[in-house]
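**Q** This is the structure, below, for whatever I ask next.
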Amino acid sequence: DTGVSQNPRHKITKRGQNVTFRCDPISEHNRLYWYRQTLGQGPEFLTYFQNEAQLEKSRLLSDRFSAERPKGSFSTLEIQRTEQGDSAMYLCASSASGTDLYEQYFGPGTRLTVT
Amino acid sequence: KQEVTQIPAALSVPEGENLVLNCSFTDSAIYNLQWFRQDPGKGLTSLLLIQSSQREQTSGRLNASLDKSSGRSTLYIAASQPGDSATYLCALRNYNTDKLIFGTGTRLQVFP
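Line by line, the protein sequences are chains A and B.
Counting with our numbering, you get residues 1 to 115 for the letters of the first sequence.
Counting with our numbering, you get residues 116 to 227 for the letters of the second sequence.
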């Protein structure tokens, strides 16, 4: 399977715990994006990387959230001291620069439930 | 600030109907626009991407058009099938940013 993969697919955690999600992009893609989607809404942008550089962050990304892409391949998104409002689907996408398209391809998402 | 609106929010049609989903946006300085399909609890599948210089794109029974001057895109689905039942999202990318801005989607149900 050469698509975007995300792990875990589901995560249930108690309020106050830390969680970490992983995203593996399509292998030749150097851009990687994180979005968050709550029920009944469209995805909202969180942050994106070109290679290992984090180029843009949304104001939605509070100081409890941190994203890394240390070697320009996979990325992790960590949420510290989770709150019930963090319950959402976390989506990862990747795209290839150097083309005119920048078409983004999405993974299956990680559904987070904070109890 | 770019805002994206999709109308209708939900649509239920009998199998075989041709249908149009609408997406409108407030800032016409877009780089490209993508239409996605999302099945319940799943990720997004890219359907069509239209560059700002293009007027339409076609893939099978799907046709997407773009009119920047009026701030509109439409997704036309021909001969709808029950398997087309899903949420359809439009998303656009402005110049000088890489992020996609999404609408809230149209939830489509096609019944036999």
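Think of the CB as a built atom: it goes at the ideal place given N, C-alpha and C, for glycine as much as any other residue.
Predicted, not measured: the structure shown is a model, and the values here were computed from it.
Can you find the residues in the same chain that come closer than 7 Å, C-beta to C-beta, to B/Asn178, ignoring five residues on each side of it along the sequence?
**A** Result list for B/Asn178: Glu171 and Tyr191, in chain order.
**Q** Examine chain A for any beta-carbon lying closer than 9 Å to the beta-carbon of B/Arg208, and answer yes or no.
**A** yes
**Q** Can you tell me the Cα-Cα spacing of B/Leu181 and B/Asn209, whole angstroms?
**A** 14 Å
**Q** Give a yes or no on contact between the segment 12-20 of chain A and the segment 78-97 of chain A, applying the rule of three or more CB pairs nearer than 8 Å.
**A** yes
**Q** Spatial neighbours of A/His29 within its chain, please: CB distance less than 7 Å, with the 5 preceding and 5 following residues excluded, ordered by chain position.
**A** Ser94, Ser95 and Ala96
**Q** Name the one or two DSSP bridge partners that B/Lys116 has.
**A** Beta-bridge pairing links B/Lys116 to no other residue.
**Q** Find the residues of chain B that neighbour A/Pro8, judging by a C-beta separation of less than 9 Å, and give them in chain order.
**A** Within 9 Å Cβ-Cβ: nothing; A/Pro8 doesn't reach chain B, min ~14 Å.
**Q** The segment 160-171 of chain B: which residues have C-beta closer than 9 Å to a C-beta of chain A, in chain order?
**A** Under the 9 Å Cβ criterion, the segment 160-171 of chain B contributes Thr160, Ser161, Leu164 and Gln166.
**Q** Counting only beta-carbon atoms, is A/Pro70 nearer than 9 Å to chain B?
**A** no
**Q** Could you name the residues that DSSP lists as bridge partners for A/Gln37?
**A** In the DSSP assignment, the residues bridged to A/Gln37 are A/Met89.
**Q** Any C-beta of chain B sitting closer than 9 Å to the C-beta of A/Thr54?
**A** Residue 54 of chain A is actually Gln in this sequence, not Thr. Closer than 9 Å: no.
**Q** Which bits of chain A does B/Gln149 rub up against, with CB to CB less than 9 Å?
**A** Glu103 and Gln104
**Q** Alpha carbon to alpha carbon, how far is A/Pro108 from A/Pro8? Give it in angstroms, no decimals.
**A** 10 Å
**Q** Cβ closer than 9 Å: which chain B residues qualify as neighbours of A/Gly109?
**A** Gly156, Lys157, Gly158 and Leu159, listed in chain order.
**Q** Could you name the residues of the segment 64-91 of chain A whose beta carbon sits closer than 9 Å to any beta carbon of chain B, in the order they occur along the chain?
**A** Met89 and Leu91
**Q** Taking 9 Å as the CB-CB limit, is A/Ser58 close to chain B?
**A** It does; some Cβ of chain B falls within 9 Å.
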